[in-house]
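Participant:
In the UniProt record's numbering, the protein residues as written are 1 to 929.
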């Protein structure tokens, strides 16, 4: 919701560099804002001083002590990375936010994050044993639990650390009664309002027989405003071996809230609410649309209730008991399959991104989304909140941590008009007053930051806010650390990312960006959730360039932010922006973001559109023409096959390709065959009385791998089809990837005419190259309006990838076609196919043919058409392949490899000297004679 331009950005390597930063920032009178993954929601990681990004270097898991169940970590360790390491010892770090595959422990500590499993694992604060910190004078101190004698010794120190202990204890002793009266009710377990002074008051010596005094409890949740954490000691929990879910559906929010109160007697590990707005939003996201399998009917909302147990039957029995007890539920499916449960949780975890990725006036800003009350008060609080929304005439989204009394409540507002902005401020004040009346917490886990600090006087009272300011003065009298957060904060409507002054540039785009209501909305779909920062251990393919470089500018979020900045304001650089050009240079156009990003940001399309605008301004490069127009070059080169191949292998040829096109010397362009496919085959094959399949043979297979097309024809004939051939056929993928969109759209129009008779006849149109074939189902739909769009839709409805056609057959109907012997085959899917249709058809088609396919969770191969040939990008291309693909293949050096993408096959050949096969080749090899 917020943005600020910092004076400087740095990437400290260790605590010593942070100490130097403190000295320099003090000398320059600049504040320091620590930043990890940047996924916080209340503006905590924005700042106008120095932003110190610890995510690049301070990422070490220092030690795991399995006997003591402890871990020592640097702040840049990703939560899921820690749990992968801890799992080897049967342990885990319990707090489980929706962003665990990219959020970092430093941020979780700063926000006192908790997440879905807080009934079982509480909040981060309960797992922080001690914190190793830098203070405002650059000195280093460790804050942990202190017995009375140790606390006395700390108070006698003549250092900054000793001064902090003395002054904090004096403040707490003087104001203990007032603090306990003003802070949230003790039964409110999610409590990030202000600084945690009430929790310190429960410790010894302030409360006799209380737990040992530990200032780490204060620092946890302080949003980096008091000290800089450089290392943390955390406690770990034993892993429970078995899980079971029950997902009750409800026809009203009130019924779900009352069910939440009732089900807590069964001791669930998690009870999460998902309302109809999020369920509806999953329809528009390709990944989440596949995860709706468990839904029955159209519920108003549902709960996700999980039980953990060391015994599988007991976990299931507890879930079934809950299902039986929830008599107001309209349905209550029980799930124990790990993959199914993972997919249910993906729907819940995607909720934030799905909402924040809404377009235009449908945004759900985060300003009252984190309130928490006692669980017993939750039904009444939700009723009062709904009444408040009704008074404001505003729709609201409800989801979140029902078991902990904390729901993420997201009013639907447009902050780009004055009425929406005014309504936000009024509603924020009204909600603060409502929380005060319930003695709840204004923030349960997201923190105060810039969004809520203004309303702390309403919730806690002016006297308590004065105490919070005193705490800041004790620790950081000069306001060095993350200034303007929690205390001494600006009004909530300053530094907004969107406001009534926001003006996008008017752009003449080729793509319609129909799902985003145009280019201007497409560049602002990114919501900052940072799912593109997840690394390879999290699965998926997004974002391959970020995974290789760990540089924010190489992430989908970084590119989207830059695009938004360059296309807004009074004098936007727009298509002339060199910064955008450089940021997009390492985008592979894999389309993973279109399906894996909760906001469905399609950076491949945005890149193509920008490059098209850049070419209009600057002209196309020789490399653009070389890679983008095989339709012109290939027929000429193929006329002189021997000469073309010899020239590409020769020293002068390599030198010219490097100098003129920028091809890396270690790459070899694929050789042309003497007889391309279109010279080998008739235009029509098979008996005329059979159903017709139109086979699209792309330029790469036609001129480089014609045996694939020949094998495809054999398979299609064996399946009972008459095959009509279009070869060589170009859908325009190479033009799109190079930003030659005007030419690509013109080609698309010609292809609509070319294939129109087949569409009218109801023929199936089948392609062999996934990225080419899927252009007919993806980009073609966004090229046109009106009648041409309708034609494109009809064409898309006829188009299939080769393996989709095969997979559509019942296996028992093909027992006389294939004679496979369950031979193992390693399967690497093309990125566009994975993003747009998934890998099910690829795997099923191989199974039908009699193979035993093993899907490799390999992400992107790194070649991406012309990307991997470029000498500037070769290193990144190979680094991407080395993350998952190459190591996975080296583990099984003798096993068959299947890759249906041309680029993928050639990356595997170039990197491992190993031949990957197209599925058509593998199927043809096991045809019954």
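The beta carbon of each residue, even a glycine, is placed where N, CA and C say it ideally should be.
Quick caveat, the model's predicted, so the values are computed rather than measured.
Who are the Cβ neighbours of residue 151 in its own chain at under 6 Å, not counting the five residues just before and after it?
Facilitator: Here the set comprises 213.
Participant: Taking the straight line between their C-alpha atoms, what separation do you get for residue 259 and residue 303?
Facilitator: Going from the Cα of residue 259 to the Cα of residue 303 covers about 9 Å.
Participant: Suppose only complete runs of 4+ residues qualify. What are the alpha helix (DSSP H) ranges in the region 220 to 294, listed by chain order?
Facilitator: Taking only runs of at least 4 residues, the alpha helix (DSSP H) segments lying wholly in the region 220 to 294 are 253 to 263, 276 to 281, 286 to 289.
Participant: Where does residue 799 fall in DSSP's three states?
Facilitator: Of the three classes helix, strand and coil, the one that applies to residue 799 here is strand, per DSSP.
Participant: Drop a sphere of 10 angstroms on the beta-carbon of residue 903, count the other beta-carbons inside from all chains shown, and report buried for 16 or more, exposed for fewer.
Facilitator: Buried.
Participant: Only counting runs of 4 or more residues, tell me where the alpha helix (DSSP H) segments fall wholly within the region 97 to 161, in order along the chain.
Facilitator: Fully enclosed alpha helix (DSSP H) runs of 4 or longer: 105 to 111, 118 to 121, 148 to 155.
Participant: Distance cutoff 7 Å, beta carbons only. Does residue 791 sit that close to anything in chain B?
Facilitator: Absence of chain B from the displayed structure is noted, only one protein chain being present.
Participant: State the Cα-Cα distance for the pair residue 351 and residue 325, rounded to the nearest angstrom.
Facilitator: Using only the alpha carbons, I get a separation of about 27 Å.
Participant: So, are the CB atoms of residue 770 and residue 702 less than 7 Å apart?
Facilitator: Not closer than 7 Å, so no.
Participant: Going by CA-CA distance only, name the one from 862, 293, 137 that's closest to residue 334.
Facilitator: Out of 862, 293, 137, 293 has the C-alpha closest to the C-alpha of residue 334.
Participant: Do the region 103 to 111 and the region 36 to 47 touch if we need at least three Cβ pairs shorter than 8 Å?
Facilitator: Yes, they touch.
Participant: Helix, strand or coil for residue 331? Go by DSSP, reduced to three states.
Facilitator: Here residue 331 sits in strand by DSSP.
Participant: Between which two residues does the alpha helix (DSSP H) harbouring residue 767 extend?
Facilitator: Unbroken run through residue 767 is the beta strand (DSSP E), 764 to 767; no alpha helix (DSSP H).
Participant: From residue 589 to residue 659, what distance separates their C-alpha atoms?
Facilitator: The straight-line gap from Cα to Cα measures roughly 25 Å.
Participant: By Cβ distance, which residues of its chain are closer than 6 Å to residue 773, with the 5 residues on each side in sequence left out?
Facilitator: For residue 773, where only same-chain residues beyond five positions count, the Cβ hits under 6 Å are 767, 801.
Participant: What are the start and end residues of the alpha helix (DSSP H) that includes residue 31?
Facilitator: Note, residue 31: premise wrong, no alpha helix (DSSP H); not H, not E.
Participant: Assign residue 607 to buried or exposed, taking buried as 16 or more other Cβ atoms, counted over all protein chains shown, within 10 Å of its Cβ.
Facilitator: Buried.
Participant: Taking only three categories from DSSP, how would you classify residue 699?
Facilitator: Helix, per DSSP.
Participant: Looking only at its own chain, which residues have a Cβ that is under 7 Å from the Cβ of residue 220, when we skip the five neighbours before and after it?
Facilitator: Result list for residue 220: 109, 112, 124, 125, 128, in chain order.
Participant: Following the continuous alpha helix (DSSP H) through residue 343, name the residue where it begins and the one where it ends.
Facilitator: Start and end: 338 to 349.
Participant: Measure the CB-CB distance between residue 857 and residue 807 and report whether it falls below 7 Å.
Facilitator: Going by C-beta atoms, residue 857 is not nearer than 7 Å to residue 807.
Participant: So within the region 792 to 845, which uninterrupted beta strand (DSSP E) runs reach at least 3 residues, ignoring any that extend past its ends?
Facilitator: You should have 799 to 801, 824 to 828.
Participant: Is the CB-CB distance between residue 956 and residue 336 below 7 Å?
Facilitator: As shown, the chain starts at 1 and ends at 929. That puts residue 956 outside it, with no answer to give.
Participant: Does DSSP put residue 212 in a helix, in a strand, or in coil?
Facilitator: Note: residue 212 maps to coil in three-state DSSP.
Participant: Please name the residue in 478, 94, 745, 217 whose C-alpha comes closest to that of residue 201.
Facilitator: Among 478, 94, 745, 217, the Cα nearest to that of residue 201 belongs to 217.
Participant: Looking only at DSSP bridge pairs, what is residue 400 linked to?
Facilitator: The partner list for residue 400 (beta bridge, DSSP) reads 273, 407.
Participant: By the 10 Å Cβ neighbour count, where 16 or more other Cβ atoms means buried, how is residue 797 classified, buried or exposed?
Facilitator: Classification of residue 797: exposed, given that the 10 Å Cβ count is below 16.
Participant: Who pairs with residue 568 in a beta bridge, going by DSSP?
Facilitator: Residue 568 pairs with 504.
Participant: Does the Cβ-Cβ distance between residue 498 and residue 438 come in under 7 Å?
Facilitator: It is not a contact, given that the beta carbons lie outside the stated cut-off.
Participant: Using DSSP bridges, identify the partner residues of residue 724.
Facilitator: According to DSSP, which records beta bridges pairwise, residue 724 is partnered with 684, 694.
Participant: Determine the closest residue to residue 241 out of 795, 310, 120, with distance taken between C-alpha atoms.
Facilitator: Ranking the options by Cα distance to residue 241, first place goes to 310.
Participant: What is the rounded straight-line gap between the Cα of residue 318 and the Cα of residue 341?
Facilitator: Cα-Cα distance, rounded: 16 Å.
Participant: Out of curiosity, what's the CA-to-CA distance linking residue 267 and residue 306?
Facilitator: Cα-Cα distance, rounded: 10 Å.
Participant: Taking all protein chains shown into account, do 16 or more other C-beta atoms lie within 10 angstroms of the C-beta of residue 705, making it buried, or fewer, making it exposed?
Facilitator: Residue 705 should be labelled buried.
Participant: What did DSSP end up calling residue 303 once you bin it into helix, strand or coil?
Facilitator: Correct three-state label for residue 303: strand.
Participant: Rounded to the nearest angstrom, how far is the Cβ of residue 434 from that of residue 388, given a contact under 8 Å?
Facilitator: Between residue 388 and residue 434 the Cβ distance is about 6 Å, and since that is below 8 Å, they are a contact.
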